[in-house]
C-alpha cells in the first residue's frame with residue numbers, strides 16, 4: 078500500500094483555479110505539455126487567462142460569481 082501525502086496534491090479553489098503541489102505535467106487544449114516549475118502552480122479553470130494553462134487571476138473579473146444572500150423570506 079502506498080503512503081498518502083499529508084498535503085493534497087490538487088486543490089479546487091471555489092470560483093478559481095486548480096492548485097497543484099509538486100511536479101506535474103499539464104496538457105493544454107492543443108496537446109502541448111507544460112511542466113510545473115513552482116512548489117504550487119495555479120491552473121486556469123475559467124478559460125479566460127492570457128497565460129493558459131496557468132491562471133493569471135482573470136477569473137476574478139471575467140467570471141460572474143453566484144450571489145448569496147443572508148436575507149430570509151418573510
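Numbering (this note's numbering), first residue to last: 78 to 151.
Note that the Cβ used here is the ideal one computed from N, Cα and C, for glycine as well.
Here residue 101 is exposed: its Cβ has fewer than 16 other Cβ atoms, across all protein chains shown, within 10 Å.
Taking a contact as a CB-CB distance under 8 Å, the pair residue 131 and residue 119 counts as one, their CB atoms being some 6 Å apart. Between residue 105 and residue 137, the CB-CB gap reaches or exceeds 8 Å.
Of 134, 108, 99, the smallest CA-CA separation from residue 86 is found for 99. Counting along the chain, the unbroken alpha helix (DSSP H) around residue 139 starts and ends at 136-139.
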